[in-house]
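S.K.:
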Amino acid sequence: MFTAESVFLTQEAREGLCSFELAEQYTVFPVETCDDGLRVQVAAGTSPQTLSLLSQILEMPIIPFFTAAETILKNIHKHYQHLSVAESANERYSIRAYIDFILEDALSQRASDIHIECFLDKIRLRYRIDGLLYERESPPKHLQSALLGRLKILSLGNPAIQRQPQEGSFYFPRNGEKHHVRASFVPSLYGEHVVLRFLSAKDRLTLDQLGMSPELQMEVQALLSQRGLLILAGPTNSGKTTTAYALLSILKKDKKVLTLENPIEYAMDGIQQIDIQANGRLHFREALKASLRQNPDVLFLGEIRDKQTAEAAYSAALTGHLVLSTLHCENADKALFRLRQLGLDDTVKQCLLGVLFQTLTPIPCPDRIPPTCGQRACFQGPVKSM
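The opening position of the sequence shown corresponds to residue 0 in numbering that gives the first Met the number 0, with each subsequent residue numbered one higher.
1) Am I right that residue 209 and residue 245 are in contact with their C-beta atoms under 8 Å? What's the rounded C-beta distance?
2) What did DSSP end up calling residue 32 once you bin it into helix, strand or coil?
3) The beta strand (DSSP E) with residue 116 in it runs from where to where?
4) Where does residue 211 land, buried or exposed, given buried means 16+ other C-beta within 10 angstroms?
5) If we ignore side chains and look at the alpha-carbon of each, how far apart do residue 25 and residue 63 end up?
6) Should residue 13 go down as buried or exposed, given a rule of 16 or more other Cβ atoms within 10 Å for buried?
7) Between residue 184 and residue 176, what straight-line distance do the alpha-carbon atoms span, to the nearest angstrom?
8) Let's see if you can read the secondary structure: which residues bound the beta strand (DSSP E) around residue 213?
9) How far does the alpha helix (DSSP H) with residue 47 in it reach, from first residue to last?
10) Between the alpha carbons of residue 167 and residue 236, how many angstroms are there, rounded?
11) I believe residue 350 touches residue 227 by the beta-carbon criterion, under 8 Å. Please report the beta-carbon distance rounded to the nearest angstrom.
12) Hey, is the region 117-134 in contact with the region 55-71, meaning 3+ C-beta pairs nearer than 8 Å?
13) Rounding to the nearest angstrom, what Cα-Cα distance links residue 38 and residue 256 in this structure?
14) How about residue 325 and residue 302: are their beta carbons less than 7 Å apart?
15) Determine the extent of the alpha helix (DSSP H) in which residue 242 is found, giving its start and end residues.
16) What is the rounded straight-line gap between the Cα of residue 360 and the Cα of residue 19?
17) Note down the Cα distance separating residue 254 from residue 271, rounded to an integer number of angstroms.
18) Hey, could you find the ends of the beta strand (DSSP E) residue 411 is sitting in?
19) Quick check: what's the CA-CA separation for residue 336 versus residue 102?
20) In this structure, how does DSSP classify residue 146 when only helix, strand and coil are distinguished?
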(Lines of atoms letter the chains of each structure in order from A and count residues from 1; the text may use other names and numbers.)
(Lines give C-alpha, C1' and ligand atoms only; values in the text may rest on other atoms or scores of the structure.)
Protein backbone atom coordinates (compact mmCIF):
# COMPACT_ATOMS: atom_id res chain seq x y z
CA MET A 1 0.00 0.00 0.00
CA PHE A 2 1.47 3.37 -1.12
CA THR A 3 0.70 6.07 1.45
CA ALA A 4 2.09 9.43 2.51
CA GLU A 5 4.22 7.65 5.10
CA SER A 6 5.62 5.03 2.70
CA VAL A 7 9.43 5.09 2.39
CA PHE A 8 10.91 2.19 0.42
CA LEU A 9 14.16 3.61 -0.99
CA THR A 10 17.37 3.45 0.97
CA GLN A 11 19.07 6.71 1.89
CA GLU A 12 21.88 6.13 -0.63
CA ALA A 13 19.49 5.22 -3.44
CA ARG A 14 17.30 8.25 -2.75
CA GLU A 15 20.19 10.69 -2.82
CA GLY A 16 21.50 9.09 -6.00
CA LEU A 17 18.17 9.67 -7.73
CA CYS A 18 17.28 13.11 -6.36
CA SER A 19 19.54 15.50 -4.47
CA PHE A 20 18.44 17.22 -1.28
CA GLU A 21 18.57 20.63 -3.02
CA LEU A 22 16.29 19.40 -5.80
CA ALA A 23 13.85 17.75 -3.40
CA GLU A 24 13.60 20.94 -1.33
CA GLN A 25 13.39 23.22 -4.37
CA TYR A 26 10.45 21.35 -5.94
CA THR A 27 8.87 19.92 -2.73
CA VAL A 28 9.26 16.38 -4.02
CA PHE A 29 10.17 13.20 -2.13
CA PRO A 30 11.19 9.95 -3.91
CA VAL A 31 9.50 6.91 -2.38
CA GLU A 32 10.18 3.84 -4.54
CA THR A 33 11.19 2.71 -7.98
CA CYS A 34 9.02 0.44 -10.08
CA ASP A 35 8.81 -0.84 -13.64
CA ASP A 36 6.93 2.30 -14.69
CA GLY A 37 9.43 4.77 -13.22
CA LEU A 38 9.89 6.55 -9.91
CA ARG A 39 7.03 7.03 -7.46
CA VAL A 40 7.28 10.38 -5.72
CA GLN A 41 5.37 12.48 -3.28
CA VAL A 42 4.57 15.89 -4.76
CA ALA A 43 2.65 18.79 -3.30
CA ALA A 44 -1.06 18.95 -4.08
CA GLY A 45 -1.66 21.35 -6.95
CA THR A 46 1.67 20.76 -8.66
CA SER A 47 1.21 21.64 -12.34
CA PRO A 48 1.64 19.12 -15.18
CA GLN A 49 4.43 21.35 -16.53
CA THR A 50 6.35 21.02 -13.27
CA LEU A 51 5.86 17.26 -13.27
CA SER A 52 7.17 17.10 -16.83
CA LEU A 53 10.20 19.21 -15.86
CA LEU A 54 10.91 16.94 -12.88
CA SER A 55 10.75 13.90 -15.13
CA GLN A 56 13.31 15.51 -17.46
CA ILE A 57 15.60 16.48 -14.60
CA LEU A 58 15.46 13.04 -12.99
CA GLU A 59 15.75 11.41 -16.42
CA MET A 60 12.98 8.89 -15.78
CA PRO A 61 9.19 8.76 -15.76
CA ILE A 62 7.63 9.79 -12.45
CA ILE A 63 4.41 8.58 -10.91
CA PRO A 64 3.12 11.40 -8.70
CA PHE A 65 1.43 10.79 -5.36
CA PHE A 66 -0.14 14.07 -4.26
CA THR A 67 0.58 14.79 -0.63
CA ALA A 68 0.38 17.75 1.75
CA ALA A 69 3.46 19.93 1.37
CA GLU A 70 4.07 19.83 5.14
CA THR A 71 4.31 16.04 5.06
CA ILE A 72 6.73 16.10 2.14
CA LEU A 73 9.01 18.61 3.85
CA LYS A 74 9.02 16.53 7.03
CA ASN A 75 10.02 13.46 5.02
CA ILE A 76 12.76 15.39 3.23
CA HIS A 77 14.32 16.65 6.45
CA LYS A 78 13.88 13.31 8.20
CA HIS A 79 15.29 11.00 5.54
CA TYR A 80 18.02 13.05 3.83
CA GLN A 81 20.65 12.48 6.50
CA HIS A 82 23.96 12.19 4.67
CA LEU A 83 25.04 14.98 7.06
CA SER A 84 23.88 15.56 10.58
CA VAL A 85 20.86 17.85 10.83
CA ALA A 86 22.99 20.74 12.09
CA GLU A 87 25.73 20.22 9.49
CA SER A 88 23.18 19.88 6.69
CA ALA A 89 21.41 23.09 7.65
CA ASN A 90 24.69 24.96 8.04
CA GLU A 91 26.04 23.78 4.68
CA ARG A 92 22.82 24.60 2.85
CA TYR A 93 22.89 28.04 4.40
CA SER A 94 26.57 28.51 3.62
CA ILE A 95 26.15 27.58 -0.05
CA ARG A 96 23.26 29.98 -0.53
CA ALA A 97 24.99 32.68 1.46
CA TYR A 98 28.23 32.15 -0.44
CA ILE A 99 26.52 32.46 -3.82
CA ASP A 100 24.79 35.64 -2.65
CA PHE A 101 28.16 36.93 -1.41
CA ILE A 102 30.08 36.40 -4.66
CA LEU A 103 27.25 37.91 -6.72
CA GLU A 104 27.14 40.95 -4.44
CA ASP A 105 30.93 41.21 -4.35
CA ALA A 106 31.26 40.93 -8.12
CA LEU A 107 28.64 43.61 -8.73
CA SER A 108 30.33 45.94 -6.26
CA GLN A 109 33.61 45.45 -8.18
CA ARG A 110 31.91 46.27 -11.51
CA ALA A 111 32.55 42.75 -12.79
CA SER A 112 30.90 41.69 -16.03
CA ASP A 113 31.44 37.96 -15.44
CA ILE A 114 32.19 35.47 -12.67
CA HIS A 115 34.33 32.44 -13.59
CA ILE A 116 34.18 29.32 -11.39
CA GLU A 117 36.74 26.77 -12.59
CA CYS A 118 37.17 23.28 -11.14
CA PHE A 119 40.61 21.64 -11.00
CA LEU A 120 42.06 18.50 -9.41
CA ASP A 121 42.49 19.85 -5.88
CA LYS A 122 40.91 23.30 -5.93
CA ILE A 123 38.25 25.63 -7.27
CA ARG A 124 39.43 28.87 -8.82
CA LEU A 125 37.18 31.93 -8.61
CA ARG A 126 37.84 34.89 -10.89
CA TYR A 127 36.02 38.10 -11.86
CA ARG A 128 36.29 39.75 -15.25
CA ILE A 129 36.66 43.49 -14.64
CA ASP A 130 37.29 45.89 -17.51
CA GLY A 131 38.11 42.95 -19.77
CA LEU A 132 40.74 41.38 -17.49
CA LEU A 133 40.41 38.43 -15.10
CA TYR A 134 41.26 38.91 -11.41
CA GLU A 135 41.49 35.98 -8.99
CA ARG A 136 39.47 36.10 -5.77
CA GLU A 137 39.46 33.95 -2.64
CA SER A 138 38.06 30.60 -3.70
CA PRO A 139 35.63 28.21 -1.97
CA PRO A 140 36.90 24.90 -0.57
CA LYS A 141 37.00 21.98 -2.99
CA HIS A 142 34.56 19.84 -0.98
CA LEU A 143 31.76 22.35 -1.70
CA GLN A 144 32.10 21.89 -5.47
CA SER A 145 29.14 19.57 -5.96
CA ALA A 146 26.79 21.56 -3.75
CA LEU A 147 27.88 24.87 -5.27
CA LEU A 148 27.37 23.77 -8.87
CA GLY A 149 24.13 22.01 -8.02
CA ARG A 150 22.69 25.12 -6.39
CA LEU A 151 23.70 27.31 -9.35
CA LYS A 152 21.98 24.89 -11.73
CA ILE A 153 18.79 24.97 -9.68
CA LEU A 154 18.86 28.77 -9.66
CA SER A 155 19.34 28.73 -13.42
CA LEU A 156 16.57 26.15 -13.96
CA GLY A 157 19.15 23.69 -15.22
CA ASN A 158 19.37 19.96 -14.54
CA PRO A 159 21.66 19.17 -11.56
CA ALA A 160 21.81 15.51 -12.60
CA ILE A 161 23.47 16.31 -15.95
CA GLN A 162 27.19 16.85 -15.53
CA ARG A 163 28.69 15.69 -18.83
CA GLN A 164 26.82 17.98 -21.21
CA PRO A 165 26.89 21.78 -21.59
CA GLN A 166 23.94 23.62 -20.08
CA GLU A 167 22.78 27.23 -20.08
CA GLY A 168 20.20 29.07 -18.04
CA SER A 169 19.56 32.31 -16.22
CA PHE A 170 18.19 33.80 -13.02
CA TYR A 171 17.64 37.16 -11.34
CA PHE A 172 19.64 38.41 -8.36
CA PRO A 173 18.04 41.18 -6.26
CA ARG A 174 20.37 43.95 -5.11
CA ASN A 175 19.57 47.42 -3.79
CA GLY A 176 16.01 47.27 -5.04
CA GLU A 177 17.02 46.13 -8.53
CA LYS A 178 16.90 42.74 -10.19
CA HIS A 179 20.12 41.84 -12.00
CA HIS A 180 19.74 39.34 -14.81
CA VAL A 181 22.44 36.66 -14.60
CA ARG A 182 23.15 34.24 -17.45
CA ALA A 183 24.80 30.94 -16.45
CA SER A 184 26.88 28.66 -18.68
CA PHE A 185 28.04 25.20 -17.52
CA VAL A 186 30.65 23.25 -19.51
CA PRO A 187 32.08 19.85 -18.42
CA SER A 188 35.84 19.57 -18.00
CA LEU A 189 38.36 17.05 -16.67
CA TYR A 190 37.80 17.69 -12.94
CA GLY A 191 34.25 19.00 -12.93
CA GLU A 192 32.28 21.69 -14.65
CA HIS A 193 33.44 25.21 -15.38
CA VAL A 194 30.83 27.90 -14.83
CA VAL A 195 30.58 31.42 -16.17
CA LEU A 196 27.99 33.80 -14.74
CA ARG A 197 27.45 36.92 -16.84
CA PHE A 198 25.57 40.00 -15.63
CA LEU A 199 23.06 41.34 -18.14
CA SER A 200 21.93 44.59 -16.62
CA ALA A 201 19.52 46.83 -18.50
CA LYS A 202 21.07 49.79 -16.70
CA ASP A 203 24.32 49.16 -18.58
CA ARG A 204 22.63 50.19 -21.83
CA LEU A 205 24.36 53.31 -23.11
CA THR A 206 23.72 56.03 -25.65
CA LEU A 207 26.13 56.73 -28.50
CA ASP A 208 27.41 59.76 -26.57
CA GLN A 209 28.04 57.65 -23.48
CA LEU A 210 29.84 55.07 -25.60
CA GLY A 211 32.36 57.73 -26.54
CA MET A 212 31.41 57.97 -30.22
CA SER A 213 32.49 61.26 -31.78
CA PRO A 214 29.80 63.61 -33.15
CA GLU A 215 31.17 63.13 -36.68
CA LEU A 216 30.98 59.35 -36.44
CA GLN A 217 27.49 59.55 -34.92
CA MET A 218 26.29 61.52 -37.95
CA GLU A 219 27.76 58.93 -40.30
CA VAL A 220 26.20 56.05 -38.37
CA GLN A 221 22.82 57.82 -38.25
CA ALA A 222 22.96 58.23 -42.03
CA LEU A 223 23.60 54.50 -42.45
CA LEU A 224 20.67 53.65 -40.18
CA SER A 225 18.31 55.35 -42.62
CA GLN A 226 19.38 53.00 -45.44
CA ARG A 227 18.71 49.37 -46.27
CA GLY A 228 21.44 46.77 -46.23
CA LEU A 229 23.86 45.08 -43.83
CA LEU A 230 25.71 47.02 -41.13
CA ILE A 231 28.28 44.96 -39.22
CA LEU A 232 29.50 45.78 -35.72
CA ALA A 233 32.93 44.19 -35.51
CA GLY A 234 35.52 43.73 -32.80
CA PRO A 235 37.26 41.21 -30.57
CA THR A 236 35.50 39.20 -27.86
CA ASN A 237 34.13 41.29 -24.96
CA SER A 238 34.69 44.57 -26.79
CA GLY A 239 31.14 45.86 -26.30
CA LYS A 240 29.67 45.08 -29.73
CA THR A 241 26.30 44.02 -28.32
CA THR A 242 26.15 47.13 -26.13
CA THR A 243 26.68 49.29 -29.22
CA ALA A 244 24.06 47.27 -31.12
CA TYR A 245 21.45 47.92 -28.46
CA ALA A 246 22.31 51.62 -28.46
CA LEU A 247 21.53 51.66 -32.20
CA LEU A 248 18.33 49.64 -31.71
CA SER A 249 17.10 52.11 -29.10
CA ILE A 250 17.35 54.81 -31.77
CA LEU A 251 15.70 52.74 -34.48
CA LYS A 252 12.76 51.53 -32.40
CA LYS A 253 11.28 55.03 -32.15
CA ASP A 254 9.77 54.99 -35.64
CA LYS A 255 10.52 51.53 -37.03
CA LYS A 256 9.51 47.96 -36.30
CA VAL A 257 12.58 46.21 -34.92
CA LEU A 258 12.84 42.43 -34.65
CA THR A 259 15.79 40.48 -33.24
CA LEU A 260 16.95 36.87 -33.53
CA GLU A 261 19.35 36.14 -30.68
CA ASN A 262 21.01 33.12 -29.11
CA PRO A 263 20.53 33.93 -26.30
CA ILE A 264 18.86 37.31 -25.73
CA GLU A 265 21.45 39.52 -24.01
CA TYR A 266 19.13 42.30 -22.81
CA ALA A 267 15.36 42.62 -22.71
CA MET A 268 14.35 45.88 -24.41
CA ASP A 269 10.90 47.44 -24.49
CA GLY A 270 9.50 48.39 -27.85
CA ILE A 271 11.16 45.70 -29.97
CA GLN A 272 10.24 42.10 -30.80
CA GLN A 273 12.91 39.70 -29.53
CA ILE A 274 13.10 36.00 -30.40
CA ASP A 275 15.36 33.67 -28.42
CA ILE A 276 16.50 30.92 -30.78
CA GLN A 277 18.00 28.98 -27.87
CA ALA A 278 14.76 29.01 -25.84
CA ASN A 279 12.83 27.72 -28.86
CA GLY A 280 14.66 24.42 -29.07
CA ARG A 281 12.65 23.20 -32.05
CA LEU A 282 12.94 26.47 -33.95
CA HIS A 283 15.83 26.42 -36.42
CA PHE A 284 17.49 29.68 -37.39
CA ARG A 285 16.39 29.56 -41.03
CA GLU A 286 12.77 28.88 -40.02
CA ALA A 287 12.87 31.66 -37.44
CA LEU A 288 14.18 34.12 -40.03
CA LYS A 289 11.50 33.12 -42.55
CA ALA A 290 8.78 33.57 -39.94
CA SER A 291 10.28 36.88 -38.79
CA LEU A 292 10.21 38.36 -42.30
CA ARG A 293 6.45 37.70 -42.38
CA GLN A 294 6.15 40.05 -39.39
CA ASN A 295 6.92 42.97 -41.72
CA PRO A 296 9.94 44.34 -39.81
CA ASP A 297 11.88 47.41 -40.90
CA VAL A 298 15.01 46.39 -38.99
CA LEU A 299 16.46 42.96 -38.19
CA PHE A 300 19.15 42.38 -35.59
CA LEU A 301 20.90 39.01 -35.82
CA GLY A 302 22.80 38.62 -32.56
CA GLU A 303 26.03 37.30 -34.07
CA ILE A 304 27.32 36.08 -37.42
CA ARG A 305 29.11 32.97 -36.22
CA ASP A 306 28.71 30.35 -38.96
CA LYS A 307 27.66 29.86 -42.56
CA GLN A 308 23.98 29.67 -41.65
CA THR A 309 23.88 33.02 -39.84
CA ALA A 310 26.09 34.67 -42.49
CA GLU A 311 23.73 33.57 -45.27
CA ALA A 312 20.74 34.67 -43.20
CA ALA A 313 22.15 38.18 -42.70
CA TYR A 314 22.97 38.43 -46.42
CA SER A 315 19.58 37.22 -47.65
CA ALA A 316 17.68 39.48 -45.22
CA ALA A 317 19.69 42.51 -46.37
CA LEU A 318 18.92 41.66 -50.01
CA THR A 319 15.17 41.67 -49.30
CA GLY A 320 15.19 45.40 -48.55
CA HIS A 321 15.68 45.43 -44.76
CA LEU A 322 18.21 47.16 -42.57
CA VAL A 323 20.14 44.31 -40.94
CA LEU A 324 22.50 44.74 -37.99
CA SER A 325 24.75 42.01 -36.68
CA THR A 326 28.01 41.50 -34.80
CA LEU A 327 31.14 39.77 -36.03
CA HIS A 328 34.36 38.70 -34.30
CA CYS A 329 37.44 39.99 -36.11
CA GLU A 330 40.64 41.89 -35.42
CA ASN A 331 39.91 45.02 -37.45
CA ALA A 332 37.42 46.45 -39.94
CA ASP A 333 39.55 45.46 -42.95
CA LYS A 334 39.34 41.78 -41.99
CA ALA A 335 35.54 41.72 -41.77
CA LEU A 336 35.06 40.89 -45.45
CA PHE A 337 37.75 38.19 -45.22
CA ARG A 338 35.90 36.72 -42.24
CA LEU A 339 32.62 36.69 -44.21
CA ARG A 340 34.39 34.82 -47.00
CA GLN A 341 35.59 32.27 -44.46
CA LEU A 342 31.96 31.76 -43.44
CA GLY A 343 30.91 30.96 -46.99
CA LEU A 344 29.87 34.29 -48.55
CA ASP A 345 31.38 35.49 -51.82
CA ASP A 346 32.16 39.04 -52.95
CA THR A 347 28.54 39.68 -53.96
CA VAL A 348 27.96 40.55 -50.29
CA LYS A 349 29.47 43.95 -51.17
CA GLN A 350 26.21 44.77 -52.99
CA CYS A 351 24.34 45.05 -49.70
CA LEU A 352 27.12 45.73 -47.17
CA LEU A 353 26.67 49.28 -45.90
CA GLY A 354 29.83 49.23 -43.84
CA VAL A 355 31.71 47.94 -40.80
CA LEU A 356 31.93 49.71 -37.47
CA PHE A 357 34.91 48.35 -35.56
CA GLN A 358 35.44 48.88 -31.83
CA THR A 359 37.75 47.91 -29.00
CA LEU A 360 37.80 48.73 -25.29
CA THR A 361 40.67 50.40 -23.47
CA PRO A 362 40.90 50.64 -19.65
CA ILE A 363 40.62 54.05 -18.02
CA PRO A 364 43.67 54.30 -15.70
CA CYS A 365 42.93 54.81 -12.03
CA PRO A 366 46.14 53.99 -10.07
CA ASP A 367 44.57 54.27 -6.61
CA ARG A 368 42.11 51.43 -7.28
CA ILE A 369 42.53 47.66 -7.16
CA PRO A 370 42.23 46.68 -9.96
CA PRO A 371 43.89 49.90 -11.18
CA THR A 372 41.09 50.94 -13.55
CA CYS A 373 37.80 52.73 -13.07
CA GLY A 374 36.01 51.61 -16.20
CA GLN A 375 36.54 51.20 -19.92
CA ARG A 376 36.34 53.53 -22.88
CA ALA A 377 35.12 52.36 -26.27
CA CYS A 378 37.48 53.17 -29.13
CA PHE A 379 35.79 53.19 -32.54
CA GLN A 380 37.62 52.86 -35.81
CA GLY A 381 36.09 55.46 -38.08
CA PRO A 382 34.86 56.60 -40.32
CA VAL A 383 32.72 53.53 -40.93
CA LYS A 384 34.36 51.69 -43.80
CA SER A 385 32.38 50.77 -46.90
CA MET A 386 33.76 47.57 -48.34
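Just so you know, even glycine gets a beta-carbon here, dropped at the ideal spot from N, CA and C. Please read these numbers as outputs of a predicted model, since none were measured by experiment.
M.R.: A quick look at the data gives this:
1) With 8 Å as the limit, residue 209 and residue 245 qualify as a contact, their Cβ atoms being about 6 Å apart.
2) Strand.
3) DSSP places residue 116 inside the beta strand (DSSP E), whose first and last residues are 112-117.
4) Residue 211 should be labelled buried.
5) Roughly 13 Å between the two C-alpha positions.
6) Residue 13 counts as buried, since at least 16 other C-beta atoms from the protein chains shown sit within 10 angstroms of its C-beta.
7) As the crow flies, the alpha-carbon of residue 184 is around 25 Å from that of residue 176.
8) From DSSP, residue 213 is part of no beta strand (DSSP E) but of the alpha helix (DSSP H) over 213-223.
9) Note, residue 47: alpha helix (DSSP H), 47-57.
10) Rounded to whole angstroms, the separation of the alpha carbons of residue 236 and residue 167 is 20 Å.
11) So it is a contact: roughly 5 Å between Cβ atoms.
12) The answer is no - the region 55-71 does not touch the region 117-134, with fewer than three Cβ pairs under 8 Å.
13) If I take the Cα positions, the gap works out to 48 Å.
14) The Cβ atoms of residue 325 and residue 302 lie closer than 7 Å to each other.
15) 239-250 is the span of the alpha helix (DSSP H), which, as asked, contains residue 242.
16) CA-CA distance, residue 360 to residue 19, rounds to 46 Å.
17) About 11 Å.
18) Because the chain here runs from 0 to 385, residue 411 falls outside it and cannot be looked at.
19) About 40 Å.
20) Under the three-state reduction of DSSP output, residue 146 falls in the helix class.
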